[in-house]
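Per the working numbering: the sequence shown ends with 375, consecutive numbering throughout. Just so it is clear, CB atoms sit at the ideal spot from N, CA and C, and this is done for glycine as well. These numbers were taken from a predicted model, which means no experiment stands behind them. Presented below is the structure to which this report refers.
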Amino acid sequence: MKLLITGMAGFIGHAVAKRLSGQGHEIVGIDNLNEYYDVSLKQARLDDLAANCEDVRFIKMDLGDRVGMAALFRDQRFDRVIHLAAQAGVRYSLENPHVYADSNLIGHLNVLEGCRQQKVKHLVYASSSSVYGMNAKTPFDTADNVDHPVSLYAATKKANELMSHTYAHLYDVPTTGLRFFTVYGPWGRPDMAIFKFVKAMFEGKPIQVYNHGDMSRDFTYIDDIVEGIVRVLDVIPQAGAARPGDVATPDKSAAPYSLYNIGYGAPLSLMDFIRALETATGREAICEYLPMQPGDVPRTWADTEALLQATGYRPKVGVDEGVARFVEWYRGFYNV
Ligand SMILES: NC(=O)c1ccc[n+]([C@@H]2O[C@H](COP(=O)([O-])OP(=O)(O)OC[C@H]3O[C@@H](n4cnc5c(N)ncnc54)[C@H](O)[C@@H]3O)[C@@H](O)[C@H]2O)c1
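Here it is as structure tokens:
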């Protein structure tokens, strides 16, 4: 198959490209290499792909480039698209709202249009656990209503799901949205807690612990996310899986449209997570306790039953193993 991976210089995009390489596919990846975080890490991921994956090709492109994106889809004729490029980060969206509209709304529309025009057989795209917003019922289920986001980032991800449903219905573009839960692992993002904590711990600096440590997350190891994406790629939603007139739930539709959570499936308290980091680094964390951050949610927990039913897969890497692998990568990559 000919595959497009958007956001290939990113944390998840790089891992997906590496996993799909060597399986007889032709893989094209795009990314705009923006400066939201250290560009040299993005470049290092691309260098890693260039050195190890002959079947992967990179094109520098911005999702917002309407003409360029249309030409890319027209010239390359992708069978399937894995759309991971986005402006990520909850906190950054408080200060920089417009880039979320540009990359996540206009960018997503350009991907949908490309899929529509070129009759792509399956669009798999990244949504986020942040869409659950103010929901208190746990575990979070894709059948739950998610109309109460608490950040613009979350609102753009929910909008992506709505836009995708529309294209699935109107133009028969099969779309699958994946709500990822706090992803961590080697080659991870410098703006995320695990990276910041490990860096500070090796430098002997304090770590910022929000909501005075009263938080929990469904921490999900990168390999589990990648396995979920790869399996879902072959589970193409069919039109008519639910009939018009059926009682609608947010994740079921007569259009060829699916939604899944990909999370480990169990919440872990932030303080237990920090203890796992202390064990893996051999350093003690100096905690600076701070109030809850605007835009943040106190806990996340994925119901993974639908993913299991559809793909036979349930994420399985526990936090001790996952954190140890991250720290091992960090030490090697940054020479500490
Ligand atoms: N990492 C997580 O915990 C997590 C959780 C939930 C959802 N997600 C979603 O998963 C996807 C991948 O996340 P990630 O952690 O790999 O983030 P990342 O920032 O490492 O990767 C995203 C990549 O997209 C690129 N990009 C951003 N805007 C672009 C644009 N306009 N045009 C072209 N490229 C652009 C960036 O340069 C980056 O390399 C994102 O959609 C993110 O919102 C991630």
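What are the boundary residues of the beta strand (DSSP E) that includes residue i?
{"i": "V215", "result": "Correcting the residue identity first, residue 215 is Thr in this sequence and not Val. Note, T215: beta strand (DSSP E), 214-219."}
{"i": "K41", "result": "41-45"}
{"i": "A165", "result": "161-167"}
{"i": "N143", "result": "Note, N143: premise wrong, no beta strand (DSSP E); not H, not E."}
{"i": "E327", "result": "325-328"}
{"i": "S297", "result": "296-301"}
{"i": "V67", "result": "65-70"}
Here's the rule: buried if 16 or more other CB atoms are within 10 angstroms of the residue's CB, otherwise exposed. What is residue i?
{"i": "K196", "result": "buried"}
{"i": "D211", "result": "exposed"}
{"i": "T339", "result": "buried"}
{"i": "F372", "result": "exposed"}
{"i": "T320", "result": "buried"}
{"i": "R256", "result": "buried"}
{"i": "L123", "result": "buried"}
{"i": "P188", "result": "buried"}
{"i": "L217", "result": "buried"}
{"i": "N143", "result": "buried"}
{"i": "R84", "result": "buried"}
{"i": "I69", "result": "buried"}
{"i": "R228", "result": "buried"}
{"i": "Y328", "result": "exposed"}
{"i": "I325", "result": "exposed"}
{"i": "P306", "result": "buried"}
{"i": "K57", "result": "buried"}
{"i": "L316", "result": "buried"}
{"i": "E74", "result": "exposed"}
{"i": "I98", "result": "exposed"}
{"i": "L201", "result": "exposed"}
Does DSSP put residue i in a helix, in a strand, or in coil?
{"i": "Q247", "result": "strand"}
{"i": "I275", "result": "coil"}
{"i": "F117", "result": "coil"}
{"i": "R96", "result": "strand"}
{"i": "V375", "result": "coil"}
{"i": "V222", "result": "strand"}
{"i": "R58", "result": "helix"}
{"i": "G334", "result": "coil"}
{"i": "H377", "result": "Summary: the structure shown does not reach residue 377, with the chain confined to residues 40 through 375, and so no result is reported for it."}
{"i": "R256", "result": "strand"}
{"i": "A175", "result": "coil"}
{"i": "A363", "result": "helix"}
{"i": "A345", "result": "helix"}
By the DSSP assignment, the alpha helix (DSSP H) with residue i in it spans what residues?
{"i": "V237", "result": "232-242"}
{"i": "V356", "result": "Run containing V356: none; DSSP gives neither H nor E here."}
{"i": "D311", "result": "309-320"}
{"i": "D87", "result": "78-91"}
{"i": "E200", "result": "191-210"}
{"i": "Y75", "result": "From DSSP, Y75 is part of no alpha helix (DSSP H); its letter is neither H nor E."}
{"i": "D102", "result": "Reading the sequence as shown, one finds Leu at residue 102 and not Asp. First-last for L102: undefined, no H or E at that position."}
{"i": "L123", "result": "Note, L123: premise wrong, no alpha helix (DSSP H); not H, not E."}
{"i": "V138", "result": "136-139"}
Among the options, which has the Cα closest to the Cα of residue i?
{"i": "H64", "options": "D257, D94, M47", "result": "D94"}
{"i": "Y76", "options": "N374, L298, A125, G153", "result": "A125"}
{"i": "D263", "options": "G46, T45, K41, I51", "result": "I51"}
{"i": "N374", "options": "E242, R218, A182, H161", "result": "E242"}
{"i": "T318", "options": "P229, L307, V237, N149", "result": "V237"}
{"i": "I301", "options": "R353, E327, L316", "result": "R353"}
{"i": "R119", "options": "D141, T214, Y369, A207", "result": "T214"}
{"i": "L133", "options": "Q332, M47, Y249", "result": "Q332"}
{"i": "Y139", "options": "A194, Q277, L209, V185", "result": "A194"}
{"i": "W226", "options": "R364, R130, G68", "result": "R364"}
{"i": "H161", "options": "T45, G334, D273, D335", "result": "D273"}
{"i": "D86", "options": "V189, V185, A54", "result": "A54"}
{"i": "S260", "options": "V366, R370, A198", "result": "The amino acid at residue 260 is misidentified as Ser; the sequence shows Tyr. Out of V366, R370, A198, V366 has the C-alpha closest to the C-alpha of Y260."}
{"i": "Y299", "options": "S168, K355, F258", "result": "S168"}
{"i": "D253", "options": "L309, M231, H208, L209", "result": "L309"}
{"i": "D186", "options": "Y328, T288, I325", "result": "T288"}
{"i": "Y296", "options": "Y206, N250, M240, D359", "result": "Y206"}
{"i": "V48", "options": "A89, M40, Q62", "result": "According to the sequence provided, residue 48 is Ala. The question's Val does not apply to it. That would be A89, whose Cα lies nearest to the Cα of A48."}
{"i": "K291", "options": "H251, T350, T181, V336", "result": "T181"}
{"i": "T350", "options": "G279, V265, R370", "result": "V265"}
{"i": "A164", "options": "H204, S190, I233, Y131", "result": "Looking at the sequence shown, residue 164 is not Ala but Tyr. The option with the nearest alpha carbon to Y164 is H204."}
{"i": "C92", "options": "G61, T221, M40, T45", "result": "G61"}
{"i": "I121", "options": "P245, I233, G361, V159", "result": "V159"}
Would the segment 165-178 count as touching the segment 136-154 if we require 3 or more Cβ pairs under 8 Å?
no
Between the segment 80-88 and the segment 101-117, do at least 3 Cβ pairs fall closer than 8 Å?
no
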